[in-house]
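J.:
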Amino acid sequence: MRFEIMRLDDVDGTAVDTTVVDAASVKQIVQQAAAIGQRLWIRPAGQSAS
Numbered sequence: 070m071r072f073e074i075m076r077l078d079d080v081d082g083t084a085v086d087t088t089v090v091d092a093a094s095v096k097q098i099v100q101q102a103a104a105i106g107q108r109l110w111i112r113p114a115g116q117s118a119s
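Encoded structure:
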């Protein structure tokens, strides 16, 4: 399964960077973001926002 990960702006929460990764990479990306206090939005790739 693939996931879309969006890095969110600290001020207004808008997506500033988007990448699509496989499930095995999600944990590493989340751990890196948590270490620096970065906000992420993660959803299955190919799904539209509702």
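Numbering (my numbering), first residue to last: 70 to 119.
The beta carbon of each residue, even a glycine, is placed where N, CA and C say it ideally should be.
All figures in this text were calculated on a predicted structure; none of them were measured in a lab.
Between arginine 71 and alanine 102, is the Cβ-Cβ spacing less than 7 Å?
T.: It is not a contact, given that the beta carbons lie outside the stated cut-off.
J.: State buried or exposed for isoleucine 74, treating a residue as buried only when at least 16 other CB atoms are found within 10 Å of its CB.
T.: Isoleucine 74 should be labelled buried.
J.: Could you give the first and the last residue of the continuous beta strand (DSSP E) run that contains valine 85?
T.: Taken as a continuous stretch (DSSP letters only), the beta strand (DSSP E) holding valine 85 covers 84-91.
J.: The beta strand (DSSP E) that contains arginine 108, what's its start and end?
T.: Element bounds for arginine 108: n/a, residue is neither H nor E.
J.: Within a Cβ cutoff of 8 Å, which residues of the same chain sit near alanine 109, ignoring the five residues on either side of it in sequence?
T.: Correcting the residue identity first, residue 109 is leucine in this sequence and not alanine. Answer for leucine 109: Ile74, Met75, Arg76, Leu77, Ile98, Val99 and Ala102, listed in chain order.
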